[in-house]
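Residue numbers for the sequence shown follow the UniProt record's numbering, beginning at 1 and rising by one.
Backbone N, C-alpha and C define an ideal beta-carbon position, used for all residues, glycine too.
All values derive from a computational prediction rather than experimental measurement.
Below is one structure; the comments refer to it alone.
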Amino acid sequence: MPVFAPIAKKVLSRLHQTRSAPADSLLPDQPSETEPTLFDDLPERERNVAIAKLHKLASQQPASPTTRLPAPCPRRLKWIAVAMLFLALGFIAFAVVTSLALAANADRETDLVAKLRMANTNLDRMKLLPDDSDWFFDFTKQDKYTFSPGGVINANAATFPATAGQGMTLAMLNLGPCSMLPPHFHPRASNFVVAISGTTQTYMIAENGARTVTEVLRAGQMTIFPTASVHTMMNIGCENAQLISALNSDDSGTTNLANTFFSLPANITNTIIGGGLGAQDIYGRVPAVGTGSSFGPNQCRAACAKQGKMLKREW
């Protein structure tokens, strides 16, 4: 027992220094005169006995060589962790700020329109619109300003808060070559339309039994669509057409006939259509409301294409 106490200490020390080495590699083979061995401080006889016993124990252990991996640099790992943390925090902050900015803008406009409608006096309204920019609206900078195929750009309470409570909407109507506004009506407003450029044909039906009123508008000419009258218009030329539409409500509303009709149950639409044509033959062919305008008849577009006049002029 006194012999193996110091032996155990030395073996443990060597194991701690080289954990990945096989067990028998820690043991001395033969005594060396030039190199100290594990048990130099023991008498020769005790040393030989100890070495023999340890070799025997080592041979009984299963071999389990391991590959020592290079230790990662703690400093490098720390910087990588810090960089990843900052990237994650930056992304989260960007997402939060963006969503808050969008929400704040939407809430501000809604809140502003509500306050404008509830203002007791015109002076109170003026205080709610303190900047010159509050009184300015640029049609050409709006998303729906296009001539391909066209667009209806409304300046109303939703897009231009200063119009809230003024009882009016002003819309710019852009029609590319052969483009049209689908048949529709405005449930809460009469509509005065004046042409600025191009050649536009209009149709209007006031109610059941009333005749169809049709006009051809060129620059400086106008027509009227009474409240809730069904009307449509088409650019019959091969150049862009532009018109101004004035409605006597800041919330006039628009109802497209085809889109609303085919939103009804199929058994109703099929009954009304009659004949061999079913609503299922038309579903999906009705253009979405989109920008408010849609491409017109293929014959018109083909005729303009032959003349090489299908270029979409942007204003």
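Anyone know if the C-beta pair for Leu116 and Gly165 falls short of 8 angstroms? The residue you call residue 116 lines up with position 116 of the sequence shown. The residue you call residue 165 lines up with position 165 of the sequence shown. Yes.
If Gly292 sits next to Val152, beta carbons under 8 angstroms apart, how far is it from one beta carbon to the other, in whole angstroms? Residue 292 sits at position 292 when you count from the first residue of the sequence shown. Residue 152 sits at position 152 when you count from the first residue of the sequence shown. Their Cβ separation, rounded to whole angstroms, is 3 angstroms, which keeps Gly292 and Val152 in contact under 8 angstroms.
With 16 other Cβ atoms within 10 Å as the buried cut-off, status of Val216: Taking the sequence shown and counting its residues from 1, the one referred to as residue 216 is at position 216. Exposed, by the Cβ-count rule.
If I'm right that Pro182 touches Ala258 with Cβ under 8 angstroms, what's the distance once you round it to whole angstroms? In the sequence shown, the residue the question calls residue 182 occupies position 182. In the sequence shown, the residue the question calls residue 258 occupies position 258. Yes, Pro182 and Ala258 are in contact; Cβ-Cβ is about 6 angstroms, under 8 angstroms.
Would the beta-carbon of Leu197 fall within 8 angstroms of that of Ala241? Position 197 of the sequence shown holds residue 197. Position 241 of the sequence shown holds residue 241. The sequence given here places Ser at residue 197; Leu does not occur at that position. Cβ distance < 8 angstroms, so Ser197 and Ala241 count as in contact.
Sorted by chain position, which residues of the same chain lie with C-beta nearer than 7 angstroms to Ala157's C-beta, five sequence neighbours on each side aside? Indexing the sequence shown from 1 puts residue 157 at position 157. Result list for Ala157: Val113, Thr163, Ala164, Asp250, Asp251, in chain order.
By DSSP, does Ala171 sit in helix, in strand, or in coil? In the sequence shown, residue 171 corresponds to position 171, counting from 1. Note: Ala171 maps to strand in three-state DSSP.
Suppose you measure from the CA of Gly220 to the CA of Ala195; what does that come to, to the nearest Å? Position 220 of the sequence shown, counting from 1, holds the residue named residue 220. Position 195 of the sequence shown, counting from 1, holds the residue named residue 195. Distance between the alpha carbons of Gly220 and Ala195 is about 6 angstroms.
Residues of its chain near Gln201, where Cβ-Cβ distance is below 6 angstroms and the 5 sequence neighbours each way are ignored: Position 201 of the sequence shown holds residue 201. So the list reads Val216, Met234, Ile236, once near-sequence residues are dropped.
Within 10 Å of its beta-carbon, does Thr223 have 16 or more other beta-carbons around it, so buried, or fewer, so exposed? The count along the sequence shown starts at 1 and reaches residue 223 at position 223. When all chains shown are included, Thr223 counts as buried.
Kindly list the residues whose CB is nearer than 6 angstroms to the CB of Ser190, restricted to its own chain and excluding five residues on each side of it in sequence; keep chain order. Your numbering for residue 190 matches position 190 in the sequence shown. Pro226, Thr227, Asn248, listed in sequence order.
Just how far apart, CA to CA, sit Lys127 and Thr146? The residue given as residue 127 occupies position 127 in the sequence shown. The residue given as residue 146 occupies position 146 in the sequence shown. Straight-line Cα distance between these residues: approximately 35 angstroms.
Under three-state DSSP, which class holds Pro182? One-based indexing of the sequence shown puts residue 182 at position 182. Looking at Pro182 - three-state DSSP - the assignment turns out to be strand.
Outcome for Met84 when other beta-carbon atoms lying within 10 angstroms are tallied against a minimum of 16: Your numbering for residue 84 matches position 84 in the sequence shown. Met84 comes out exposed.
Nearest-angstrom Cα separation, counted from Glu46 out to His55: As a position in the sequence shown, residue 55 is number 55, starting the count at 1. As a position in the sequence shown, residue 46 is number 46, starting the count at 1. Near 14 angstroms, if we compare the C-alpha coordinates of Glu46 and His55.
So what's Glu215 in DSSP terms, helix, strand or just coil? Position 215 of the sequence shown, counted from the first residue, corresponds to residue 215. If DSSP states are grouped into helix, strand and coil, Glu215 belongs with the strands.
Return the chain-ordered list of same chain residues with a C-beta closer than 7 angstroms to the C-beta of Ala119, the five sequence neighbours on each side being excluded. For the purposes of this step, residue 119 is taken as the residue at position 119 of the sequence shown. Correct list, in chain order: Arg125, Leu128.
What residue range does the beta strand (DSSP E) around Phe225 cover? One-based indexing of the sequence shown puts residue 225 at position 225. Segment 222-225, the beta strand (DSSP E) holding Phe225.
For Phe137, the first and last residue of its enclosing alpha helix (DSSP H): Against the sequence shown, residue 137 aligns to sequence position 137. It is not in any alpha helix (DSSP H) - Phe137 carries neither H nor E in the DSSP assignment.
State buried or exposed for Ala210, treating a residue as buried only when at least 16 other CB atoms are found within 10 Å of its CB. Counted from its first residue, the sequence shown places residue 210 at position 210. With fewer than 16 Cβ atoms within 10 Å of its Cβ, Ala210 is classed as exposed.
Just to confirm the assignment, what range does the beta strand (DSSP E) spanning Gln166 have? Within the sequence shown, residue 166 is the residue found at index 166, counting from 1. Careful: Gln166 lies outside any beta strand (DSSP E) and carries neither H nor E.
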